[in-house]
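According to my numbering, the residues represented by the sequence shown are 1059 to 1386, in order.
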Amino acid sequence: MQGDAPKNAVWNYHPPLPLEDPSIFAKGTGIAHIAGWFRRNWLTLSERMLLLLLAIGGYYWLYPSLDAARSFEVGWIFQTYVVNLALVGGIAGALHWYFYMYRGQAKTLKFDGRDQAKNNRAFKFADQVKDNMFWTLTSGVAQLTGFQVVTMWLMANGYAPVITLAENPVWFVVWIVLLPVWSAFHFYWVHRLLHVPFFYTRYHSLHHRNINIGPWSGLSMHPVEHFIYLTSLCVHWIVASHPVHLIFHVLYQGPGAAMSHTGYEDLLIRDKRSLALGTFYHTLHHRYYECNYGNQEMPWDRWFGTFHDGTEAATADTRARKKRMYAK
């Protein structure tokens, strides 16, 4: 099988170290490099393409129209909530079932060799999965729906700019490509805020109880953190968008979090890497805390000195940074 790495005392599996830089900024802005980045992210089976296809389908068949959103009424708000509950719960649940219950690829490409925690009082119900499900399906889905509902109402009433595909085809496509970039930029900075000791000890530590992450961990957060994390969606209050953009963004922030927290690097089909899911980059953040605040496709950690490349030297630097942060 491609890409296997030897086991060590810390990790069951890890990619070759030090981690490479897959960012669009890694080798400048040459056409060939940008084309390669675009092909990897948008012209192959990827998390982004799957979520985009789901967003298009959701626009036509699942979510209420903007016409229905002109006034706050229980019907369309409840419909939006139920769809989000089904998508978040269905995707996280399916991934958890495949990787952790059915054990579809055992521990092949699993970063942390341990199982999800049980009989651990650090978690609600003394069970990591039940704890994660609780925070995801209560505050997580409710606040995700709340931001979406408010944004739909603003768009429906002309308070937020709206475009159509027919009148703005170029911007329609460009904004889809840029949304994950915006999300990564927003996530890096709000994530750094959440690691300020005041916010970390009160709110973000709930998410970080998940050192050994699984699909339900992605959206398992304190309600205050949910609110801060989901302010990413407020960009549609300012930037001209189509409802498909909003739905794609909602899915990227919600079910997408489950996909990026599987704890496995790839989904294997017939022993071939068929879909990139979790990343070692973010797994390092859950293990060592004060590093890799952002997304491996973006350069923010490298530019601002918070990058952990997986080596022992980077671990030492990260631990020293953590001591300085909490020494005050």
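Beta carbons are placed, not taken as given, at the ideal position from N, Cα and C, and that holds for glycine. Remember, predicted model here, so these are calculated numbers, not experimental data.
Using a threshold of 8 Å, state whether the C-beta atoms of residue i and residue j are closer than that.
{"i": "F1365", "j": "H1072", "result": "no"}
{"i": "S1398", "j": "A1298", "result": "Since the first residue of the chain shown is 1059 and the last is 1386, residue 1398 is not available in this structure."}
{"i": "G1321", "j": "N1270", "result": "yes"}
{"i": "G1314", "j": "L1109", "result": "yes"}
{"i": "L1291", "j": "M1279", "result": "no"}
{"i": "S1275", "j": "H1319", "result": "yes"}
{"i": "R1260", "j": "Y1351", "result": "no"}
{"i": "E1283", "j": "L1325", "result": "no"}
{"i": "M1210", "j": "A1127", "result": "yes"}
For residue i, does the count of other Cβ atoms within 10 angstroms reach 16, so buried, or fall short, so exposed?
{"i": "T1196", "result": "exposed"}
{"i": "A1150", "result": "buried"}
{"i": "N1178", "result": "exposed"}
{"i": "K1168", "result": "buried"}
{"i": "L1145", "result": "buried"}
{"i": "F1136", "result": "exposed"}
{"i": "W1069", "result": "buried"}
{"i": "V1140", "result": "exposed"}
Among the options, which has the Cα closest to the Cα of residue i?
{"i": "G1272", "options": "E1348, R1382, G1171", "result": "G1171"}
{"i": "I1286", "options": "N1178, R1328, Y1258", "result": "Y1258"}
{"i": "M1356", "options": "G1088, L1326, F1245", "result": "F1245"}
{"i": "I1296", "options": "A1218, I1135, R1098", "result": "A1218"}
{"i": "T1341", "options": "H1300, N1268, T1194", "result": "N1268"}
{"i": "G1162", "options": "P1080, D1329, A1093, D1359", "result": "D1329"}
{"i": "H1300", "options": "Y1156, A1184, Q1206, A1180", "result": "Q1206"}
{"i": "W1240", "options": "H1284, F1306, R1331, M1191", "result": "F1306"}
{"i": "K1188", "options": "A1175, A1200, G1198", "result": "A1175"}
Assign residue i to one of three DSSP states: helix, strand, or coil.
{"i": "I1296", "result": "coil"}
{"i": "P1068", "result": "A small fix is needed here, since residue 1068 is Val in this sequence, not Pro. Coil."}
{"i": "Y1322", "result": "strand"}
{"i": "V1254", "result": "coil"}
{"i": "A1084", "result": "strand"}
{"i": "D1079", "result": "coil"}
{"i": "L1277", "result": "coil"}
{"i": "R1267", "result": "coil"}
Segments of 3+ residues assigned as beta strand (DSSP E) that fall wholly inside the segment 1327-1383: For the segment 1327-1383, whole beta strand (DSSP E) runs of length 3 or above, ordered along the chain, are 1330-1334.
In chain order, which alpha helix (DSSP H) runs of at least 4 residues are fully inside the segment 1095-1181? Runs of the alpha helix (DSSP H) inside the segment 1095-1181: 1105-1119, 1132-1154.
Taking only runs that begin and end inside the segment 1171-1251, name each unbroken beta strand (DSSP E) of 3 or more residues, in chain order. none
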